[in-house]
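Undergrad: The sequence shown begins at 1 in UniProt numbering and counts up one residue at a time.
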Amino acid sequence: MIDVIILFILFLLVFSFRTILLLSEMGTNAASSADRLKVILSHLPKKPGNIPFDFLGSKKSFEISPAPEGLESAITLLFTEDCLEFLVKLVETFDKKADEVLRQRILRRCAVESGKMPEFISKRPNKSKGWKIDALPRRLVNRKLDLGDISPARTDLLVAAMNANVQGIQVDFDDGHCPSWRNQLQGLYNVFLAVRNQLPGTHALDKVPVMMLRPRAWNMMEHNVMINGREIPGPLLDFGILMYHNARIMADLESGPFFYLSKVESSLEARLWDQIFTWTENQLGLKFGTVKSCVLIENILATFEMESILYELRHHCIGLNCGIWDYSASIISLFGRRPEFVISDRVRYVNIDQLFLISYIKLLIKVCHKRGALATGGMAALVLDGDASNNRENVIKRVCESKLKEIRLGLDGFMVHDLGLIPHINKLWNDHCSGDNQVKIKLPAFKKNAADLLKVPVGQVSLSALEHNIAVATLFIEAWLRQSGTFTFRGAVEDSATAEISRSQVWQWIFHRVPLEDVEGTRVSRQLVFDLVDSFSHQLSVSMGEVEKNRLMMAVKIFKELVTARDPPIFITTYLNNHSCFLNACRLSKP
C-alpha cells in the first residue's frame, strides 16, 4: 500500500513539473510570437493615417486602409473616433438589410429570366388615396438646371460648379466618379471644406448652388474599410461620412442635406433609404424630414414601381429623375437574350422620340406631378469646343432643341455638364417656363401601358455604331485604371452610364450575331469585335509611352472579358471595382 502511495505522489510531482514546464514554454512561445510580430512590423514602412484595428474594443472592430500620400490630414479629419462610432452603428443597423436588397434583386432577376414580365404595383394604404409628398424645401422648389457628373475629387471642377449660375450641383460619388481610395478621401474632404466655406474660390453654402450629394449605389463595396470583419457597402460609407460631418451645418443654412439616390430598383429599396434617413436624423438630432432625396429611375423594373417608391420616401423625397442610358442598359441586362429586346444603334434609336422612352418619361412626369413631386431629366453630355466655330453653334442648337422637347413634355429640370451651355439653357427656361416648376401645369392625358414601356424599336446596326460602342467602353475602362470617372470623346463627356449601354450593346450584338447594315454578309461576332478593338487600341497606342500603352492594353483585355462573358456582370462599375487590375492601379498611384 505504501508503495502505491509513493508511486502516486511521484506521478503527481512529475505531472506538475511537466505542466509547469509546458505553461512556461507556452508563455515563452507567446512572448516569442509577440516579439516576432514586432520584428516583422518594424521592417514595414510607417503608414500615416492608419487607424488602429479594434479601436472600439474587442466586440466591435473597424479597420481602414492607410491614407494615400498627401491625404494624411484629410483622413485624420474625416475619420474621427466619434465619426467611426457613428459609422459602426450605421453599418450594424443596416448591413443585413442592404444584403437583403441585393438578395431580392437576384430573386427578381431569376423571375424575369424564367419568363415573368414586370407588372405595375402601387403599395399604399387605401386611406392614403390622395397622398402627396411633404412640402418642398425653399431651395428645392426650382430645380431647372443642375450641373451633372461633378466628381468632388476634382477640386477645380467642383469650385467652378459652385460659382456657376445653376440651381444645383450633382456632387457625384457614382457615375461620374472613380471610387479609388484617393478619390473617395479627396471628394469627402472637399465637401467638408465647401460646406464650411473653406474651399478656396467658393462662397458660403447658402450663396452657391445647392449641393445634391450622390453616394454610390448598392452594387458598390468599399474595399478600404471593414467593420466587424466585412467590407462595408459604398453608399453607407459615403452617406455616413457626409451626414456626420455636414448635415447640421447644411440644415442650419437651409441648404441640405440633399441627395441623389442612384440605381434604386424597387419600393423595398426606397423603404430602406427612408429608414436610413430617419435613423440618421434621430442619431444626429435633426428634425424629421430634414433629409431630402431625388430618386434616379434608371432601371426598367423601377418604372413599374415609381408611385410606390415615391410613397415610401414621401417624407424624404422631392421627386424622381430619369436617365436614358442606364435605363436602356437595364433592359439589355434583364431581357438581352431575347431577340425582341435587341436594341439597335443607340445614336439613332435610343432617344426620347422612341415609344419605350417617351412612355417612360411621360409616366414619370405623371406620377411625380400627381403627388406634388418634381420630375427631372437626364444630362446633356455634349460639350463645347471653346471657340466660336460653327461646331460650337451646332452643339448649342442640338442641346437646346433636345432640352426644349423635355420642357414641353412637362419636366421640371435636367442637367448639363459643360458650364458653357448654362446661359443658353437658362435662356431656354426663361423663354418657355415662367414659374419655378411645371408641377401644376395641366398636361395632355397619358395612360400607362406596360407594353409601350417594353417595346424597343426595330432598327439597324452599322459598323460605325459598333466601333463607337467599342471605343467608349474601352476608353472608360482605361479612364478608371487612371482613376478618372469621366473622359471626353468626340465632343461628349462619357461616364459609367454611356459605358454601360456601350458594353451591353456589344455583348448583345455578339450574342444575337446581329448583321451590319453597311457591310454585306457580315454579322457581329467575337472575332470581329476583337479585331476592331485591337485595331482601335493600336492606332491610339502609336503615340503613347510605355506606361500609357500598358494601361490601354489592360483596358482592352478587360473589355474583351466583359463583352464575351457567359453571364455578363449587371454593372460595369461593380466588375471594375473588384478587378485586380483596378485594385493594383490604385495601390501604385501617386498624387
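Positions of the beta carbon are idealized from the N, C-alpha and C atoms, including for glycine.
Using only alpha-carbon positions, find the residue among P235, L532 and V210 that is nearest to M221.
TA: Nearest of P235, L532 and V210 to M221, Cα basis: P235.
Undergrad: Taking the beta strand (DSSP E) that H223 falls in, what are its first and last residues?
TA: H223 -> beta strand (DSSP E) spans M221 to I227.
Undergrad: Give the straight-line distance between the Cα atoms of E113 and F335, rounded to the nearest whole angstrom.
TA: Roughly 8 angstroms separates the two Cα atoms.
Undergrad: Thinking just about the alpha-carbon of each residue, which of Y189, V439 and V141 is nearest to the one in I365?
TA: Of Y189, V439 and V141, the residue nearest in Cα terms is V439.
Undergrad: Starting from V461, follow its DSSP beta bridges and name the residues at the other end.
TA: In DSSP, V461 forms a bridge with L516.
Undergrad: So which of A585, Y360 and S464 has the shortest CA-CA distance to K447?
TA: Out of A585, Y360 and S464, Y360 has the C-alpha closest to the C-alpha of K447.
Undergrad: Measure from the alpha carbon of A135 to the alpha carbon of each residue in I318, A270 and I232, then state which is nearest.
TA: With distances taken between Cα atoms, A135 lies closest to I318.
Undergrad: Are the beta-carbon atoms belonging to D156 and G176 less than 7 angstroms from one another?
TA: Against a cut-off of 7 angstroms, the Cβ pair of G176 and D156 comes out as no contact.
Undergrad: How would you call P568, buried or exposed, if buried means at least 16 neighbouring beta carbons within 10 angstroms?
TA: Flag for P568 reads buried.
Undergrad: Using the C-alpha atoms, what's the distance from Q170 back to V493?
TA: If I take the Cα positions, the gap works out to 15 angstroms.
Undergrad: Between W509 and V533, which are expected to be in contact by the criterion C-beta below 8 angstroms, what is the C-beta distance as a whole number of angstroms?
TA: Not quite, the Cβ-Cβ distance comes to about 13 angstroms (not below 8 angstroms), so this is no contact.
Undergrad: In the structure shown, what three-state DSSP assignment does F173 receive?
TA: Coil, per DSSP.
Undergrad: For the candidate residues Q539, F277 and R513, whose alpha-carbon lies nearest to that of L528?
TA: The option with the nearest alpha carbon to L528 is R513.
Undergrad: Note down the Cα distance separating I425 from M162, rounded to an integer number of angstroms.
TA: If you take the alpha carbons of I425 and M162, they lie about 17 angstroms apart.
Undergrad: What distance in whole Å lies between the Cβ atoms of A329 and S504, which are believed to be in contact at a cut-off of 8 angstroms?
TA: Confirmed, Cβ separation roughly 5 angstroms.
Undergrad: As a quick exercise: from E561, A164 and V225, pick the residue whose alpha carbon is nearest that of M211.
TA: Looking at the Cα atoms, A164 is the closest of the given residues.
Undergrad: What's the call for E500, buried or exposed, on a 16-neighbour Cβ count within 10 Å?
TA: By the 10 Å Cβ count, E500 comes out buried.
Undergrad: Sort I396, L516 and E467 by Cα distance to V461 and report the nearest one.
TA: When each option's Cα is compared against that of V461, the closest is L516.
Undergrad: On the criterion of 16 or more Cβ atoms from any shown chain inside 10 Å, does M250 qualify as buried, or is it exposed?
TA: With 16 or more other Cβ atoms within 10 Å, it is buried.
Undergrad: Please classify P52: does DSSP put it in a helix, a strand, or coil?
TA: Low local confidence applies: a pLDDT of 46 at P52 is under 50, so the model's placement there is unreliable, and no value is given.
Undergrad: Straight-line CA distance for A204 to L286?
TA: Answer to the nearest angstrom: the Cα atoms are 21 angstroms apart.
Undergrad: Kindly indicate the opening and closing residues of the alpha helix (DSSP H) around S536.
TA: In the sequence as presented, Ser is not what sits at residue 536; that position holds Phe. Where F536 is concerned, the enclosing alpha helix (DSSP H) stretches over R526 to S541.
Undergrad: Give every residue of the same chain whose Cβ lies closer than 8 angstroms to the Cβ of F476, excluding the five residues on either side of it in the sequence, and list them in chain order.
TA: The answer, listed in chain order, is F487, E494, D495, S496, T498, A499, S502 and I572.
Undergrad: Quick one: any contact between the segment 67-81 and the segment 175-191, if contact means 3 or more CB pairs under 8 angstroms?
TA: Output reads yes: the segment 175-191 touches the segment 67-81.
Undergrad: Mind checking who C317 pairs with in its DSSP beta bridge?
TA: Beta-bridge pairing links C317 to S293.
Undergrad: Starting from T376 and walking both ways along the beta strand (DSSP E), at which residues does that stretch end?
TA: Counting along the chain, the beta strand (DSSP E) containing T376 begins and ends at L374 to A380.
Undergrad: Run the CB neighbour count on R408, radius 10 Å, all protein chains shown included, and call it buried at 16 or more, exposed below.
TA: R408 comes out exposed.
Undergrad: Quick one: grab the DSSP three-state call for L284.
TA: Note: L284 maps to helix in three-state DSSP.
Undergrad: Is it buried or exposed, I133, if we count other Cβ atoms within 10 angstroms and call 16 or more buried?
TA: It is buried - the Cβ of I133 has at least 16 other Cβ atoms within 10 Å.
Undergrad: Below 8 angstroms, can you find three or more Cβ-Cβ pairs linking the segment 303-315 to the segment 425-435?
TA: No, the segment 303-315 is not in contact with the segment 425-435.
Undergrad: Take A217 and list the residues in its own chain whose beta-carbon comes closer than 7 angstroms to its own, dropping the five residues that flank it on each side.
TA: So the list reads D174, P235, S262 and K263, once near-sequence residues are dropped.
Undergrad: Starting from A194, follow the alpha helix (DSSP H) in both directions and report where the run begins and ends.
TA: Its alpha helix (DSSP H) spans residues W181 to V195.
Undergrad: Rank R196, I300 and E393 by C-alpha distance to the C-alpha of R105 and give the top, closest one.
TA: Selected option, being the one with the closest Cα: I300.
Undergrad: In the DSSP assignment, what residue or residues form a beta bridge with residue 627?
TA: Any question about residue 627 goes unanswered here, given that the chain covers just 1 to 591.
Undergrad: Taking 7 angstroms as the limit between beta carbons, can you name the residues of its chain near R392, skipping five residues before and five after?
TA: Within the same chain, R392 has close Cβ partners L384 and D385.
Undergrad: Quick one: what does DSSP say G168 is sitting in, helix, strand or coil?
TA: If DSSP states are grouped into helix, strand and coil, G168 belongs with the strands.
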